[in-house]
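Taken in order, these protein sequences are the chains called A and B.
In case it helps, our numbering puts the first sequence at residues 1 to 244.
In case it helps, our numbering puts the second sequence at residues 245 to 506.
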Amino acid sequence: MISVRNPLLKSLVSSFLDVLPILVVILIFQFLVIRQPLGNIDDLLTGTALVVIGLTFLVYGLEQGLFPIGESMATSFARKGSLIWMIVFAFALGFGAVIAEPTLIAVAEKASGIAAGSGMINDDQSAREDFALGLRLSVALAIGFALVIGVIRIILGWPLPYLIIVGYLGIIVMTSVSPQQIVGIAYDSGGVATSIITVPLVTALGVGLASSIKSRNPMADGFGLIAFAALISMTFVMAYGMII
Amino acid sequence: MDWIVNFGKIILETVRNVVPIVAILIGFQVLVIRKPIAHARKIFFGLVYVLLGISLFLKGLEMTLFPLGELMAKQLASPEFIQFENSDGKTSWRSYAWVYAFAANIGFATTLAEPALIAVALKVEKISGGAIRALNLRLAVSLGVAFGIALGTFRIVTGSELYLYIILGYGVALIQTAFAPKLIVGLAFDSGLITTSTVTVPLVTALGIGLASTIPGRNPLLDGFGLIAFASLFPIIAVLGYAQFAELRTRAARNSKDREDR
């Protein structure tokens, strides 16, 4: 392997290695399978350079900024000993992060098109906008609620597998009773709602909380917050599909 | 000069997306916790790096990978590219072999470059005291995504029901949960959603919609959805499997060592 001393250069090299597989896959398929010339080489090179530099900054920033702030806040809340504030904070964080999430806004718009096309809602502008907003609210409420459950679980030490089984049974039941058009959107909703900012922050929250409570293990108890986000947002979005 | 204006716009957009979260963090810190943050300077500069990083990263992706990836997804799924096997002009699911191959490869590659997963994997390596290697975890998740997306494209091609796959997949994950080491369960169930953030979602969505709009009988709006669900379900199975495999290997090593000692 290439050995580099400078830490910044070292992380640039490792970011480049992280991005390299995508380039290899695209180039191989372009030349061997599709057999068409590549478009603009200059753009490709500049773009790749930007991706590598951006990734380096991003990973560094997440480690130096977002993880510490999430952990320090979790520790402060645990020291304060106020369960209510911890819960309010968890809900606000989940709801606030998701309601403004650009990917979710785009997906909700697309989903409103489906709903209108299949006759779930009226096919006019205001009905579509209402549907898209309702969808975003359901996901945001779901993620807020999921973080609350997750935080309570860490504090009280509930075993994770049981909660996941309950969530899973909920999904089976909801799938069988909710309208078909909403199922695909619901299944995707959790994955769409979790972004590059929310994931590290929520992970730091869980790990920080689990490390500041004596009888909890950060590895076993700190994770699982995001898992609830998936299960609960699926359930909530299907419930939303049933209400309209 | 154009690119400066352009880049400025992207930074502004990122700032606008981050503002609600930062407002919540600062609000709770100032109003509820009422204590200064430790290492405030370091954290502030870290957040500036995050902002710059996201902007550069997204700009770069928009310039290269997204248009290329979308174009390829479209070309691979186009009727001219798919060779018709049957004489009656119907395509069988086998004709789409290159689509599955592309889906698996691009899923694997984009997951390796997913920043949130890189950061969380480094964190996990630290907390677990090196028992879980960051790269191994990322490879396990990437394999899961690769398999998931390939299976997801197969579902779009065949037009089978989404919920069957999802319910079966979760069933497998739950059975594994009963046998896997307890320490890994939370992380495994988290890992699926950790991966589906910046790089994977746009490319995978493009692939799904491209496929659904070229295959006869599929509705792009309806069948284009569901691929993300595959991408976030199969990493759970992969990470649980990785943990079970690692445990088996340590146990086997211990057994053979015991035998030697005797």
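Virtual Cβ for every residue (Gly too), placed ideally from N, Cα, C.
Since this is a predicted model, take the numbers as computed values, not measurements.
Is it buried or exposed for residue i, if we count other Cβ within 10 angstroms and need 16 for buried?
| i | result |
| --- | --- |
| T449 of chain B | buried |
| P68 of chain A | buried |
| N261 of chain B | buried |
| A422 of chain B | exposed |
| K279 of chain B | exposed |
| R503 of chain B | exposed |
| A487 of chain B | buried |
| S331 of chain B | The pLDDT assigned to S331 of chain B is 48, lower than 50, so where the model puts this residue is not dependable; a value taken from the coordinates is nonetheless given after this. Exposed, because fewer than 16 other Cβ atoms sit within 10 Å of the Cβ of S331 of chain B. |
| Q125 of chain A | exposed |
| L300 of chain B | buried |
| I84 of chain A | exposed |
| R35 of chain A | exposed |
| A186 of chain A | buried |
| G351 of chain B | buried |
| F228 of chain A | buried |
Can you give the Cα-Cα distance for residue i and residue j, rounded to whole angstroms?
| i | j | result |
| --- | --- | --- |
| V51 of chain A | A317 of chain B | 21 Å |
| A239 of chain A | M174 of chain A | 7 Å |
| S72 of chain A | G313 of chain B | 40 Å |
| Y511 of chain B | V274 of chain B | Look at the range of chain B in this structure, 245 to 506, and you will see that residue 511 of chain B is not part of it. |
| K10 of chain A | R377 of chain B | 19 Å |
| I453 of chain B | N463 of chain B | 9 Å |
| G150 of chain A | T235 of chain A | 16 Å |
| L66 of chain A | V207 of chain A | 13 Å |
| S118 of chain A | Q181 of chain A | 8 Å |
| F272 of chain B | P425 of chain B | 36 Å |
| F145 of chain A | A230 of chain A | 11 Å |
| V148 of chain A | V88 of chain A | 8 Å |
| R216 of chain A | I154 of chain A | 8 Å |
| G190 of chain A | L225 of chain A | 12 Å |
| T258 of chain B | W247 of chain B | 16 Å |
| I411 of chain B | A473 of chain B | 11 Å |
| L466 of chain B | E491 of chain B | 41 Å |
| I244 of chain A | V177 of chain A | 13 Å |
| L315 of chain B | N40 of chain A | 13 Å |
| S500 of chain B | L383 of chain B | 28 Å |
By Cβ distance, which residues of its chain are closer than 6 Å to residue i, with the 5 residues on each side in sequence left out?
| i | result |
| --- | --- |
| G394 of chain B | For the sequence presented, residue 394 of chain B should be read as Ala rather than Gly. Contacts found: Y344, A347, A348. |
| S435 of chain B | V385, P479, V483 |
| A132 of chain A | A108, E109, S112 |
| A417 of chain B | I480, I481 |
| A470 of chain B | The question names Ala, but residue 470 of chain B in the sequence shown is Gly. L406. |
| F433 of chain B | I480 |
| T56 of chain A | S11, L12, S15 |
| I121 of chain A | A115, A127, F131 |
Span of the alpha helix (DSSP H) holding residue i?
| i | result |
| --- | --- |
| I398 of chain B | It should be noted that the sequence gives Phe, not Ile, for residue 398 of chain B. Unbroken alpha helix (DSSP H) run through F398 of chain B: 378-402. |
| W247 of chain B | 246-272 |
| G415 of chain B | 406-423 |
| E109 of chain A | 102-117 |
| V364 of chain B | 359-371 |
| K214 of chain A | Here K214 of chain A belongs to no alpha helix (DSSP H), and DSSP marks it neither H nor E. |
| E63 of chain A | Element bounds for E63 of chain A: n/a, residue is neither H nor E. |
| N122 of chain A | Careful: N122 of chain A lies outside any alpha helix (DSSP H) and carries neither H nor E. |
| I428 of chain B | Where I428 of chain B is concerned, there is no enclosing alpha helix (DSSP H), given that its DSSP letter is neither H nor E. |
| L38 of chain A | That residue, L38 of chain A, is in no alpha helix (DSSP H); it is neither H nor E in DSSP. |
| S189 of chain A | 180-193 |
| T355 of chain B | 341-356 |
| G290 of chain B | 284-307 |
| Q488 of chain B | 471-505 |
| W85 of chain A | 83-99 |
| I453 of chain B | 444-458 |
| L32 of chain A | No alpha helix (DSSP H) holds L32 of chain A; DSSP gives it neither H nor E. |
| I171 of chain A | 160-177 |
| A229 of chain A | 225-243 |
Sorted by chain position, which residues of the same chain lie with C-beta nearer than 7 Å to residue i's C-beta, five sequence neighbours on each side aside?
| i | result |
| --- | --- |
| T354 of chain B | V443, T444, L447 |
| E101 of chain A | A193, S195 |
| V249 of chain B | none |
Counting only the same chain and skipping the five closest in sequence on each side, list residues whose C-beta sits under 8 Å from that of residue i.
| i | result |
| --- | --- |
| I2 of chain A | Any reading at I2 of chain A must be qualified, since the residue scores a pLDDT of 49, below 50, and its modelled position is unreliable; the value itself is stated next. Taken in chain order, the residues that qualify are V13. |
| F223 of chain A | T203, G206, V207 |
Across the region 25-42 of chain A and the region 277-295 of chain B, are there enough close Cβ pairs to call them in contact, namely three or more that are closer than 8 Å? For the pair of segments examined, the region 25-42 of chain A was found not to touch the region 277-295 of chain B: the number of CB pairs separated by less than 8 Å stays below three.
Between the region 77-85 of chain A and the region 202-218 of chain A, can you find at least three pairs of beta-carbon atoms closer than 8 Å? Because the criterion of three Cβ pairs below 8 Å is met, the region 202-218 of chain A and the region 77-85 of chain A touch.
Given 8 Å as the limit, is there contact between the region 125-145 of chain A and the region 98-115 of chain A, that is, 3 or more CB pairs closer than that? Touching, yes.
State whether the region 442-461 of chain B contacts the region 400-407 of chain B, with contact taken as three or more CB pairs (one from each stretch) at a distance under 8 Å. Of all C-beta pairs linking the region 442-461 of chain B to the region 400-407 of chain B, three or more are shorter than 8 Å, placing the two stretches in contact.
Does the region 290-307 of chain B come close enough to the region 60-67 of chain A that 3 or more CB-CB pairs lie under 8 Å? Output reads yes: the region 290-307 of chain B touches the region 60-67 of chain A.
With a cut-off of 8 Å, do at least 3 Cβ pairs link the region 185-204 of chain A to the region 427-446 of chain B? The region 185-204 of chain A makes contact with the region 427-446 of chain B: 3 or more CB pairs, one atom from each, lie closer than 8 Å.
Check whether the region 88-103 of chain A touches the region 140-159 of chain A, counting contact only when three or more Cβ pairs, one atom from each stretch, lie closer than 8 Å. A contact between stretches requires three or more CB pairs, one per stretch, nearer than 8 Å, and the region 88-103 of chain A meets this requirement with the region 140-159 of chain A.
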